[in-house]
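2 protein chains.
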Amino acid sequence: MQRCVKCNAVDGVIRAGFLRGRQRFFCKLCNFNFVVEGETESKKKKTHQTTIVDVAKHLGVAISTVSRALNDKSDISQETRELVLKAAMELDYRPNFMAQSLHKGETRTIGVIVPDVEHPFFARVLAGIQKVANNTGYRIIVCHSNESYEIETLNIETLLACRVDGLLVSHSKETATFGHFNRIIGKGIPVVLYDRISDDVKTPKIIHQDYKGSFDLVEHLISQGCRRVAIMLGPEGMLISERRLAGYKAALIKHGLEINEDYIVYSGINQHEGIGVFNYLMSLQVPPDGIFTILYRNGIEMIMEAKKRGMKIPEEIAFAGFGDDILAELIDPPMTVFNHFPAKIGEAAILTLIEYIHNKDTFYPADKTIEIEGELIIRQSSMKRSPEKPERVSMKIAE
Amino acid sequence: MQRCVKCNAVDGVIRAGFLRGRQRFFCKLCNFNFVVEGETESKKKKTHQTTIVDVAKHLGVAISTVSRALNDKSDISQETRELVLKAAMELDYRPNFMAQSLHKGETRTIGVIVPDVEHPFFARVLAGIQKVANNTGYRIIVCHSNESYEIETLNIETLLACRVDGLLVSHSKETATFGHFNRIIGKGIPVVLYDRISDDVKTPKIIHQDYKGSFDLVEHLISQGCRRVAIMLGPEGMLISERRLAGYKAALIKHGLEINEDYIVYSGINQHEGIGVFNYLMSLQVPPDGIFTILYRNGIEMIMEAKKRGMKIPEEIAFAGFGDDILAELIDPPMTVFNHFPAKIGEAAILTLIEYIHNKDTFYPADKTIEIEGELIIRQSSMKRSPEKPERVSMKIAE
DNA sequence: ATGAAAGCGCTAACAT
DNA sequence: ATGTTAGCGCTTTCAT
Chain A
22 MQRCVKCNAV DGVIRAGFLR GRQRFFCKLC NFNFVVEGET ESKKKKTHQT
72 TIVDVAKHLG VAISTVSRAL NDKSDISQET RELVLKAAME LDYRPNFMAQ
122 SLHKGETRTI GVIVPDVEHP FFARVLAGIQ KVANNTGYRI IVCHSNESYE
172 IETLNIETLL ACRVDGLLVS HSKETATFGH FNRIIGKGIP VVLYDRISDD
222 VKTPKIIHQD YKGSFDLVEH LISQGCRRVA IMLGPEGMLI SERRLAGYKA
272 ALIKHGLEIN EDYIVYSGIN QHEGIGVFNY LMSLQVPPDG IFTILYRNGI
322 EMIMEAKKRG MKIPEEIAFA GFGDDILAEL IDPPMTVFNH FPAKIGEAAI
372 LTLIEYIHNK DTFYPADKTI EIEGELIIRQ SSMKRSPEKP ERVSMKIAE
Chain B
22 MQRCVKCNAV DGVIRAGFLR GRQRFFCKLC NFNFVVEGET ESKKKKTHQT
72 TIVDVAKHLG VAISTVSRAL NDKSDISQET RELVLKAAME LDYRPNFMAQ
122 SLHKGETRTI GVIVPDVEHP FFARVLAGIQ KVANNTGYRI IVCHSNESYE
172 IETLNIETLL ACRVDGLLVS HSKETATFGH FNRIIGKGIP VVLYDRISDD
222 VKTPKIIHQD YKGSFDLVEH LISQGCRRVA IMLGPEGMLI SERRLAGYKA
272 ALIKHGLEIN EDYIVYSGIN QHEGIGVFNY LMSLQVPPDG IFTILYRNGI
322 EMIMEAKKRG MKIPEEIAFA GFGDDILAEL IDPPMTVFNH FPAKIGEAAI
372 LTLIEYIHNK DTFYPADKTI EIEGELIIRQ SSMKRSPEKP ERVSMKIAE
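As you go down the protein sequences, you meet chains A and B in turn.
Letter by letter, the first sequence follows residues 22 to 420 in the numbering used here.
Letter by letter, the second sequence follows residues 22 to 420 in the numbering used here.
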């Protein structure tokens with residue numbers, strides 16, 4: 022409550038704009054305008070970071086002048102520009118990103134949803150994304166859904182609140198409906214799906230050569246003499262499972278082999294889950310002589326288990342899996358895999374997204390699906406027939 | 022340029038406040054006030070996300086009323102609150118995080134600098150950080166320095182621009198000076214170092230039991246009969262190298278063994294670098310009979326190389342390393358390690374940082390160093406003496 | 001209980 | 001070339 026400096030009344034006093042940064046008052050009773058001196062400084066400024074206002078005050082110039090100098094605009098004298106730059110340096114000024122993006126309506130930030138950080142595949146996808154982001158001046162915010170649908174929706178909430186310019190998404194294993202993605206697409210926010218995709222979301226997608234990779238691996242197993250090839254899949258309904266299953270079936274059919282439903286196993290592809298699947302397969306009346314795992318990790322678990330049982334690899338049972346890693350290379354015997362180059366997936370995903378962001382109007386997203394070319398790497402786990410160059414093959418260094 | 026609607030002049034017209042949301046003009050020449058109708062809508066609103074203004078308009082209430090309702094303030098009628106909440110839901114309103122933090126001066130965002138995402142250790146640290154962040158309502162922005170000092174300084178720039186409430190940092194291998202960290206601490210922004218630390222930065226630090234872990238591992242090697250233990254370190258000067266070296270030396274001294282400088286090897290601890298170091302050690306006149314690697318990965322490379330040479334492990338040469346992973350467990354022979362629980366490091370780091378942020382004034386950072394307790398895991402790579410329970414030990418599942 | 005308006009830091013359009 | 005000011009979306013006094 023401000024007392025009028027003239028009539029000393031308190032009731033009729035109201036605020037009336039500002040005068041040189043100070044609150045100006047107006048007394049209705051005596052019709053008098055006034056400002057109150059004192060305590061202009063030292064309000065509550067916690068960790069006060071330098072702002073352009075500070076720089077402007079420091080130099081006694083207008084705020085916009087500082088802004089102009091800092092942003093390298095044309096209509097400013099060289100002299101002033103240098104003065105401002107020097108002052109900014111001295112005061113250790115850093116632009117406030119929040120203020121900038123609030124004004125511009127764009128954040129140059131991309132939201133990334135990853136189902137599982139600890140999974141080496143996603144770590145490498147992320148590395149690819151990061152690299153491109155660095156080079157293109159985009160920031161990224163990474164959210165982990167931890168394979169939970171619920172957390173995934175919360176992630177979207179967060180990312181939306183951060184007003185990211187676009188999203189890169191690989192959905193969780195739990196996710197079966199895709200309305201939450203379509204909703205943000207409906208808001209006009211570009212989304213690109215990578216690795217785990219859904220046909221229900223009409224937006225660009227980056228995937229592996231799921232079909233070709235599976236086909237090649239299974240055909241390779243067959244070429245090595247396997248006649249009863251089993252497949253360990255991820256959750257039923259996950260597109261990646263279906264696509265890889267299709268490649269598997271095609272290879273069998275091409276070579277006139279029967280499709281045995283007992284050999285087709287869906288799973289959660291969790292760590293250590295390979296052991297259970299292996300035990301199941303071995304318990305069959307006629308167990309398989311080759312196993313293809315949708316995830317090389319599960320194959321490695323199986324190799325360990327097979328060794329524990331004293332089985333001969335690849336003579337009694339051969340292995341091949343999707344995805345590569347030093348682990349596949351260092352295990353004994355080294356494992357045959359289809360390397361899908363995770364970092365390339367990440368790079369392609371973010372590049373596509375950025376293109377999308379820049380051409381929101383002209384970019385027609387629906388059905389634009391990019392397949393990243395993979396590579397068959399043959400190692401001992403499947404080499405039943407003596408190869409040409411057995412030594413070098415296992416030395417292949419992953420990307 | 023606005024033409025006067027009365028005198029049709031264009032020179033004397035200036036803006037003069039707003040009238041019901043429309044720009045009001047004043048013509049100096051004919052002394053006339055007017056507003057121009059038309060084109061109030063459809064300016065340029067790209068991806069227009071619903072704001073509280075939209076909600077307020079929709080309901081015909083004041084903006085502040087909406088804000089109050091949304092933030093569960095007390096001075097608002099239950100009726101209005103529900104009305105607002107319903108409207109917000111219908112219009113799919115999401116708070117703009119930028120605007121909120123711009124106002125509040127806090128972002129509830131923590132910046133994390135990681136030297137190398139693809140490194141499983143950091144991936145797991147990150148997972149720990151993420152988990153706590155999720156539970157405490159903090160967002161995190163992850164920046165990768167990619168082991169480069171230059172990128173590291175750019176990362177800081179970015180994070181500062183984002184006005185993060187605090188920073189979690191593990192510096193790059195290149196980093197030898199720490200002025201850039203001290204500068205942000207000087208600004209009053211809380212920083213916590215994890216894993217890779219420096220005494221030159223006066224701030225809380227979270228580390229492993231570097232000394233104890235090394236000591237235990239080396240003492241274990243000695244207890245198994247090793248008499249010439251070599252150590253593969255990281256870059257010289259990196260504190261982590263020095264601390265682990267100290268533990269190594271202490272174990273040797275305790276057991277009356279000589280410290281042989283030939284057995285102490287600094288390196289970049291890069292992938293595949295273990296092989297070169299192994300070759301060097303084996304080329305010595307008197308090669309070691311046990312090798313301790315600061316990073317278990319390099320030890321695994323050495324194991325592969327030793328096997329290639331047909332050496333017997335652990336009889337001819339024993340191995341032990343810092344850090345655990347399935348890889349150490351699955352390799353043949355499984356490797357003895359000191360598990361330092363990466364996720365716990367991450368959790369401790371972010372919890373410390375949050376406490377610091379909340380108690381900026383009272384929190385005395387300098388020299389507060391927390392050591393995360395680790396665990397010696399003995400496996401076949403070092404078991405020269407037949408142990409009690411050789412089977413189970415190698416089955417230990419990493420966290 | 002509700003409305004009006006300042007201000008967080010910045011940019012851009014406008015005025016000088 | 002430089003200063004003035006609206007406005008980005010939101011919270012928060014202050015006034016009613």
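Using N, Cα and C, we set each Cβ at its ideal position, and we do this for glycine too.
- Contacts of residue 401(B) in chain A (Cβ-Cβ under 7 angstroms): Taking a Cβ-Cβ cut-off of 7 angstroms, residue 401(B) has no neighbours in chain A, whose nearest Cβ is about 13 angstroms from it.
- Message: Are the CB atoms of residue 161(B) and residue 190(B) within a distance shorter than 9 angstroms?
- Response: Contact flag unset, no.
- Message: Just verifying my parser: in three-state terms, what is the DSSP assignment at residue 370(A)?
- Response: Residue 370(A) sits in a helix when the DSSP states are folded into three classes.
- Identity of the residue in 319(A), 339(A) and 291(A) nearest residue 308(A) by Cα: Nearest neighbour of residue 308(A) by Cα position, chosen from 319(A), 339(A) and 291(A), turns out to be 339(A).
- Query: Just the Cα atoms here: how many angstroms apart are residue 353(B) and residue 402(B)?
  - Reply: In this structure, the CA atom of residue 353(B) is about 8 angstroms from the CA atom of residue 402(B).
- When the Cβ atoms of the region 156-176 of chain A are set against those of the region 190-199 of chain A, are three or more pairs found closer than 8 angstroms? At 8 angstroms Cβ cutoff, the stretches touch.
- Message: Is it buried or exposed, residue 249(B), if we count other Cβ atoms within 10 angstroms and call 16 or more buried?
- Response: The residue in question, residue 249(B), is buried, as its Cβ has 16 or more Cβ neighbours within 10 Å.
- Identify the continuous beta strand (DSSP E) that holds residue 250(A) and give its terminal residues. Unbroken beta strand (DSSP E) run through residue 250(A): 250-253.
- Task: Kindly indicate the opening and closing residues of the alpha helix (DSSP H) around residue 269(A).
- Result: Counting along the chain, the alpha helix (DSSP H) containing residue 269(A) begins and ends at 260-275.
- Using a Cβ-Cβ distance under 9 angstroms, would residue 351(A) count as near chain B? By this cut-off, residue 351(A) is an interface position.
- Task: Kindly say whether residue 379(B), judged by its beta-carbon, lies nearer than 9 angstroms to any beta-carbon of chain A.
- Result: For residue 379(B), the answer is no, since every Cβ of chain A falls outside 9 angstroms of its Cβ.
- Query: Just the Cα atoms here: how many angstroms apart are residue 368(B) and residue 374(B)?
  - Reply: For residue 368(B) and residue 374(B), the distance between alpha carbons rounds to 10 angstroms.
- Query: If you run the structure through DSSP and keep just helix, strand and coil, what is residue 334(A)?
  - Reply: Correct three-state label for residue 334(A): coil.
- Message: Give me the subset of the region 318-350 of chain B whose CB atoms are less than 7 angstroms from a CB atom of chain A, sorted by chain position.
- Response: Closer than 7 angstroms at the C-beta level to chain A, one finds these residues of the region 318-350 of chain B: 321, 325 and 348.
- Query: Counting along the chain, where does the beta strand (DSSP E) carrying residue 160(B) start and finish?
  - Reply: Segment 160-165, the beta strand (DSSP E) holding residue 160(B).
- Message: Using a Cβ-Cβ cutoff of less than 6 angstroms, which residues in the same chain neighbour residue 2(B) once the five nearest sequence positions on both sides are dropped?
- Response: For residue 2(B) there is no data in the structure shown, the boundaries of chain B being 22 and 420.
- What residues are listed by DSSP as bridge partners for residue 360(B)? Assignment of beta-bridge partners to residue 360(B) by DSSP yields 396(B).
- In whole angstroms, what is the alpha-carbon distance linking residue 117(A) and residue 183(B)? Distance between the alpha carbons of residue 117(A) and residue 183(B) is about 7 angstroms.
- Message: I need the DSSP call for residue 379(A), collapsed to helix, strand or coil.
- Response: In the three-state reduction of the DSSP assignment, residue 379(A) falls in the helix class.
- Under 8 angstroms between beta-carbons, which chain A residues line up against residue 129(B)? List them in chain order, please. Contact of residue 129(B) with chain A by beta-carbon distance below 8 angstroms is absent, the smallest such distance being about 11 angstroms.
- Task: Could you name the residues of the same chain whose beta carbon sits closer than 7 angstroms to that of residue 100(A), not counting the 5 residues immediately before and after it, in chain order?
- Result: Within the same chain, residue 100(A) has no close Cβ partners at all.
- Tell me residue 132(B)'s beta-bridge partners as DSSP assigns them. Partner(s): 162(B) and 188(B).
- Rounded separation between residue 104(A) and residue 186(A) - CA only: Whole-angstrom Cα-Cα distance: 34 angstroms.
- Message: Going by DSSP in three states, residue 1(B) sits in which element: helix, strand or coil?
- Response: A query on residue 1(B) cannot be resolved here, the shown segment of chain B reaching from 22 to 420 and no further.
- Could you please give me the residues that DSSP links to residue 97(A) through a beta bridge? Per DSSP, none; premise fails for residue 97(A).
- Task: Look at residue 241(A) and residue 357(A) and say whether their C-beta atoms are less than 9 angstroms apart.
- Result: Going by beta carbons, residue 241(A) and residue 357(A) fall inside the 9 angstroms limit.
- Query: In chain order, what residues of the same chain have a beta carbon less than 7 angstroms from the beta carbon of residue 231(A), not counting five sequence neighbours either side?
  - Reply: Spatial neighbours of residue 231(A) in its own chain (CB-CB distance under 7 angstroms, excluding positions within 5 residues in sequence) are listed in chain order as 261, 264, 265 and 268.
- Note down, in chain order, each residue of its chain lying with its Cβ closer than 7 angstroms to the Cβ of residue 90(A), except the 5 sequence neighbours on either side. Cβ neighbours of residue 90(A) beyond the five flanking positions: 97, 101, 102, 105 and 106.
- Three-state class that DSSP yields for residue 107(B) in the structure shown: Helix.
- Task: Would you mind working out which of 315(B), 85(B), 204(B) and 311(B) sits nearest residue 345(B), comparing C-alpha positions?
- Result: It is 315(B) whose Cα lies nearest to the Cα of residue 345(B).
- Message: Using only the alpha-carbon positions, how far apart do residue 224(B) and residue 377(B) sit?
- Response: Computed Cα separation, rounded: 10 angstroms.
- Measure the CB-CB distance between residue 153(B) and residue 372(B) and report whether it falls below 9 angstroms. Yes, these two residues count as a Cβ contact at 9 angstroms.
- Give the secondary structure of residue 73(B) by DSSP, where H, G and I count as helix, E and B as strand, and everything else as coil. Of the three classes helix, strand and coil, the one that applies to residue 73(B) here is helix, per DSSP.
- Query: Taking the DSSP output, what are the residues bridged to residue 313(A)?
  - Reply: According to DSSP, residue 313(A) bridges with 252(A) and 341(A).
- Query: Which residue comes first and which comes last in the alpha helix (DSSP H) that contains residue 239(B)?
  - Reply: Judged by DSSP secondary structure, residue 239(B) falls within the alpha helix (DSSP H) whose first and last residues are 231-244.
- CA nearest to the CA of residue 149(A), picked from 148(B), 121(B), 390(B) and 165(B): Per the Cα distances, 165(B).
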